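**Q**
Numbering (the numbering used here), first residue to last: 10 to 167.
Dropping the structure here:
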């Protein structure tokens with residue numbers, strides 16, 4: 010197309026599950042938005058960024074007491090298999106429903122399609138999809154999509 014890759018953004022994305030290209034994969038039809046964000050762009054300088062001075066409570070006492078997370082920060086959760094990375098992220102998203110003034114974006118990279126479906130179902134049951142967007146790059150997708158998924162998530166967030 011001769012253009013830099015873009016993903017859809019805006020309020021229409023809330024409650025949706027999309028792939029790394031921003032295409033809906035949740036069976037709810039197309040995303041009705043006119044807002045698109047480039048996946049790659051120059052990051053704003055440290056001086057021009059707004060300061061992070063409001064804490065985000067995850068609702069998990071062990072994390073909130075040891076690792077303060079600022080509202081608006083990007084957080085990477087890494088660890089070995091089966092240690093609870095997904096559970097921490099999902100619990101933190103669900104615990105935001107009290108205030109509902111925060112938008113959460115969950116980027117799942119290399120997970121099974123069934124796991125992504127289970128996460129979406131759980132968030133839907135808990136009423137958390139009202140303020141959540143899921144970007145999924147499943148294990149069955151090509152490696153370039155796994156690479157692009159975090160960039161797509163950040164582009165949607167910004």
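We treat Cβ as the ideally placed atom computed from N, Cα and C, and that holds for glycine.
This structure is a prediction, so every number in the text was calculated from the model and none was measured.
Between the C-alpha atoms of residue 105 and residue 149, what's the straight-line distance to the nearest angstrom?
**A** Against the chain shown, residue 105 aligns to sequence position 96. Against the chain shown, residue 149 aligns to sequence position 140. The alpha-carbon atoms of residue 105 and residue 149 are separated by roughly 31 Å.
**Q** Between the segment 84-94 and the segment 44-53, do at least 3 Cβ pairs fall closer than 8 Å?
**A** Result no; under three Cβ-Cβ pairs closer than 8 Å.
**Q** Closest by CA to residue 20, which one among 110, 97, 116 and 124?
**A** The count along the chain shown starts at 1 and reaches residue 20 at position 11. Of the candidates 110, 97, 116 and 124, the one whose C-alpha sits nearest the C-alpha of residue 20 is 110.
**Q** Quick check: residue 144 and residue 29, are their CB atoms within less than 8 Å of each other?
**A** For the purposes of this step, residue 144 is taken as residue 135 along the chain shown, with counting starting at 1. For the purposes of this step, residue 29 is taken as residue 20 along the chain shown, with counting starting at 1. Yes.
**Q** Using a Cβ-based criterion (distance less than 7 Å to any ligand heavy atom), does residue 35 qualify as near the ligand PLP?
**A** No copy of the ligand PLP occurs in the structure displayed, which carries no ligand at all.
**Q** Helix, strand or coil for residue 15? Go by DSSP, reduced to three states.
**A** The residue you call residue 15 lines up with position 6 of the chain shown. In the structure shown, residue 15 sits in a strand (DSSP, three-state: E or B).
**Q** Can you name the start and end residues of the alpha helix (DSSP H) that residue 165 belongs to?
**A** Reading the chain shown from its first residue, position 156 is the one you call residue 165. Unbroken alpha helix (DSSP H) run through residue 165: 152-166.
**Q** State the DSSP-derived secondary structure class of residue 41, mapped to helix, strand or coil.
**A** For the purposes of this step, residue 41 is taken as residue 32 along the chain shown, with counting starting at 1. Correct three-state label for residue 41: coil.
**Q** Tell me whether residue 75 is buried or exposed, calling it buried when 16 or more other Cβ atoms sit within 10 Å of its Cβ.
**A** Locating residue 75 in the chain shown gives position 66, where the first residue counts as 1. So residue 75 counts as exposed.
**Q** What number of angstroms, rounded off, separates the C-alpha of residue 78 from the C-alpha of residue 37?
**A** Numbered from 1 along the chain shown, position 69 holds the residue referred to as residue 78. Numbered from 1 along the chain shown, position 28 holds the residue referred to as residue 37. For residue 78 and residue 37, the distance between alpha carbons rounds to 33 Å.
**Q** Between which residues of its own chain and residue 141 is the CB-CB distance below 8 Å, once the five residues before and five after are set aside?
**A** Translated into positions along the chain shown, residue 141 becomes position 132. Same-chain partners within the cutoff: 23, 24, 102, 112, 113, 114, 115 and 132.
**Q** Find out if the Cβ-Cβ distance for the pair residue 161, residue 119 is shorter than 8 Å.
**A** Position 152 of the chain shown, counted from the first residue, corresponds to residue 161. Position 110 of the chain shown, counted from the first residue, corresponds to residue 119. It is not a contact, given that the beta carbons lie outside the stated cut-off.
**Q** Could you tell me which residues DSSP puts in a beta bridge with residue 46?
**A** Numbered from 1 along the chain shown, position 37 holds the residue referred to as residue 46. BP columns for residue 46 point to 16.
**Q** Would you list the residues sitting across from residue 171 in a DSSP beta bridge?
**A** A question about residue 171 goes unanswered here, because the residues of the chain that appear run from 10 up to 167.
**Q** Do residue 16 and residue 63 come within 8 Å of each other at the CB atom, strictly closer than that value?
**A** Here residue 63 is taken as the residue at index 54 of the chain shown, counted from 1. Here residue 16 is taken as the residue at index 7 of the chain shown, counted from 1. No. Outside cutoff.
**Q** Would you report the Cα separation of residue 94 and residue 124, rounded to the nearest angstrom?
**A** Position 85 of the chain shown, counting from 1, holds the residue named residue 94. Position 115 of the chain shown, counting from 1, holds the residue named residue 124. The straight-line gap from Cα to Cα measures roughly 13 Å.
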